[in-house]
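Each residue of the sequence shown is one higher than the one before, starting from 652 at the first, in our numbering.
Every residue, glycine too, gets a C-beta built ideally from N, C-alpha and C.
For clarity, every value in this text was computed on a predicted model and none was experimentally measured.
A quick write-up on the structure given underneath.
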Amino acid sequence: MLPEIHTTTKRELPVDLLARTVSMVIEREGFKPGEVLGIYCGDRLSRSINRSYLSHDYPTDTITFCYEREPRIDGEFYISLDVIGRNARRFDVTFRDELLRVTIHSSLHLVGYEDATPEERERMTAREEYYLSAVYALSYE
Numbered sequence: 652m653l654p655e656i657h658t659t660t661k662r663e664l665p666v667d668l669l670a671r672t673v674s675m676v677i678e679r680e681g682f683k684p685g686e687v688l689g690i691y692c693g694d695r696l697s698r699s700i701n702r703s704y705l706s707h708d709y710p711t712d713t714i715t716f717c718y719e720r721e722p723r724i725d726g727e728f729y730i731s732l733d734v735i736g737r738n739a740r741r742f743d744v745t746f747r748d749e750l751l752r753v754t755i756h757s758s759l760h761l762v763g764y765e766d767a768t769p770e771e772r773e774r775m776t777a778r779e780e781y782y783l784s785a786v787y788a789l790s791y792e
């Protein structure tokens, strides 16, 4: 089952690529995708969710909610396209690269990866790089 991808903005997104990326990460991590919803939004919704659920009064790149891991992954994530744009400029990468990286990051949260400690962040970043390379390799086949 491919994840559902929606946007609350007018920006056009590579919806099929994003859905296949989420599914690939989930499956390669040894899980089955169930009902997964990806919402690509702006800062206002991101900030509202971040405030409501994490008590942080600012927009963030992604917020992920996993509801079930066994027998399949059920969950949702919210990605701020505004934060993606700012971070792409900050890190001197393309919007598409940052979009894919954060989508992969969200998918890794769904399967249980955390990033609260330096060790967890290092592990998460390594997996992000691995999957980003895999996405681009598949794009050229």
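The C-beta distance from arginine 752 to glutamate 779 rounds to 5 Å, short enough to meet the 8 Å contact threshold. Per DSSP, the unbroken beta strand (DSSP E) holding serine 731 starts and ends at 724-731.
Threonine 715 is positioned such that its CB atom lies no closer than 8 Å to that of asparagine 701.
Proximity of the stretch 717-733 to the stretch 685-700 meets the contact definition, three or more beta-carbon pairs being nearer than 8 Å. Here isoleucine 735 is not near leucine 761, since their CB atoms are 8 Å or more apart. The closest CA to that of leucine 783, considering only Thr672, Glu719 and Pro665, is found on Thr672.
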